[in-house]
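Residue numbering for the sequence shown follows the numbering used here, beginning at 19 and increasing consecutively.
For glycine and all other residues, C-beta sits at the position ideal for the given N, C-alpha and C.
Before any comments, here is the structure.
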Amino acid sequence: MSHLRDLQLRFQNYLIEDSAEIESDIIGTEHALAEHRLGIYYNAYRIRLIDSLAVDYAAMERVIGRDAFEQLALDYLQHYPSSHPSVRWFGAQLPEYLGRHYKGDDAEFLQELASFEWAQSMVFDAADCAGPVQLEEIARLPGEAWASLSFEFIPALRWLDLHWNVTQIENSVDKDDTMPPKQRADYPLRWLLWRRDMKTYWRSLEVHEAWALENAANGADFAQICEGLLEWVDEQQVALCAAGFLKQWVSDQLLQSLDWQR
19 MSHLRDLQLR FQNYLIEDSA EIESDIIGTE HALAEHRLGI YYNAYRIRLI DSLAVDYAAM
79 ERVIGRDAFE QLALDYLQHY PSSHPSVRWF GAQLPEYLGR HYKGDDAEFL QELASFEWAQ
139 SMVFDAADCA GPVQLEEIAR LPGEAWASLS FEFIPALRWL DLHWNVTQIE NSVDKDDTMP
199 PKQRADYPLR WLLWRRDMKT YWRSLEVHEA WALENAANGA DFAQICEGLL EWVDEQQVAL
259 CAAGFLKQWV SDQLLQSLDW QR
C-alpha cells in the first residue's frame, strides 16, 4: 500500500509540478514512449481545469477570447495549483491572482469581472434558509419591537464595490448580445447579489442603503440604523427611510428572520 501511495504521489507531482520522477515507473514502447503516455494525462488535466474555469468565468472568456483565456488559466494554475478534491473550487482565487500576479493593462477590470462572476457562483451555491421573512410579519410587529429590531440575512447574499461596468457586460453575455465597451467610473458603485427561487439577481445600491444593509447584516438594530442614516436623511424622514429599506429587503427575500428584545 505504501508503494501504491508513493506512486500516486509521484503521478500527482508530475501533473501539478511537472516533476519527472514518475517517468521511470511508466513502461514505454517504440510506438508510445513513456513521456508521451504521461503527456496525455498532463494535457488532459489542464484542459479539464481550463474548461472548469471557463464555466465559472464565462464572461471573462468571451471578453478576452479563448486563446488568451487559456494562457491566463495556465498561468493561474502555476500560481494557484488546484488543491481541493472538487474541481468546483479551482477558480476561487482567480480574483486574487488577477490583483496580485496578472500583468495585463486591464488587470483591474478583469479582477472586478472575476469577482462579480465568482460572487454569482457563491450566491447560487449558498445554503438554503428555512423561509424568507414576509411583509405580514413586519405588519404584525408590536410598536415596542422596532427600536431593538435586528435582522438575519439569507446565506445567499453578497455585495461588491465596482468601478467598472461589469454588470452590463455580464448581461450581454447572458443574453448573447453585443458587448458594451468597457467603462470605468471615478467612484465605485455597490452591487447587491442574492438568490431567489433558484435564480441569481443583482441590483445597485445608493450609498445610504448600502450603509444600512451592511450594518444591519453586521448586527445593527433598527434604532442604530436610523441614527446612522441621519448623515443622509432628515431627522423627520429617517424612520420612514429605514422602514422603506426594510420593506425592500423583505420584498427581495433577503431576510430569513427577525429578532428584538422582549
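Open item on the list: Please report the straight-line C-alpha distance between Leu211 and Gln242, rounded to a whole angstrom.
Closed with: As a position in the sequence shown, residue 211 is number 193, starting the count at 1. As a position in the sequence shown, residue 242 is number 224, starting the count at 1. Approximately 24 Å between the Cα atoms of the pair.
TODO: State whether the segment 65–72 contacts the segment 80–93, with contact taken as three or more CB pairs (one from each stretch) at a distance under 8 Å.
DONE: yes
Open item on the list: Between which residues of its own chain and Phe127 is the CB-CB distance below 7 Å, once the five residues before and five after are set aside?
Closed with: Counting from 1 along the sequence shown, the entry for residue 127 is found at position 109. Counting only Cβ-Cβ distances below 7 Å, and skipping sequence neighbours, we find Trp182 and Lys200.
Open item on the list: With a threshold of 8 Å on Cβ separation, who are the neighbours of Val105 within its own chain once the five nearest residues in sequence on each side are excluded?
Closed with: Here residue 105 refers to the residue found at position 87 of the sequence shown. Within the same chain, Val105 has close Cβ partners Arg66, Leu67 and Ser70.
Open item on the list: Under 8 Å: do the segment 129–143 and the segment 170–178 share three or more Cβ pairs, one atom per stretch?
Closed with: yes
Open item on the list: My output table needs one value for Arg158: the three-state DSSP class, helix, strand or coil.
Closed with: The residue given as residue 158 occupies position 140 in the sequence shown. Coil at Arg158, not helix or strand.
- [ ] State the Cα-Cα distance for the pair Asp74 and Val141, rounded to the nearest angstrom.
- [x] The residue you call residue 74 lines up with position 56 of the sequence shown. The residue you call residue 141 lines up with position 123 of the sequence shown. Answer to the nearest angstrom: the Cα atoms are 13 Å apart.
- [ ] Check Thr185 in the structure and name its three-state DSSP category.
- [x] Locating residue 185 in the sequence shown gives position 167, counting from the first residue. Correct three-state label for Thr185: helix.
Task: Residue from Ala76, Gly83 and Tyr120 with nearest C-alpha to Leu95 - done: For the purposes of this step, residue 95 is identified with residue 77 of the sequence shown, where counting begins at 1. The candidate whose alpha carbon is nearest that of Leu95 is Tyr120.
Open item on the list: Can you give me the C-alpha to C-alpha distance between Arg213 and Tyr219, rounded to a whole angstrom?
Closed with: In the sequence shown, residue 213 corresponds to position 195, counting from 1. In the sequence shown, residue 219 corresponds to position 201, counting from 1. So the alpha carbons of these two residues sit roughly 6 Å apart.
Open item on the list: Please list the terminal residues of the continuous alpha helix (DSSP H) segment that includes Trp267.
Closed with: As a first step, residue 267 is located in the sequence shown; it is residue number 249 there, counting from the start. Here the alpha helix (DSSP H) through Trp267 covers Val256 to Ser269.
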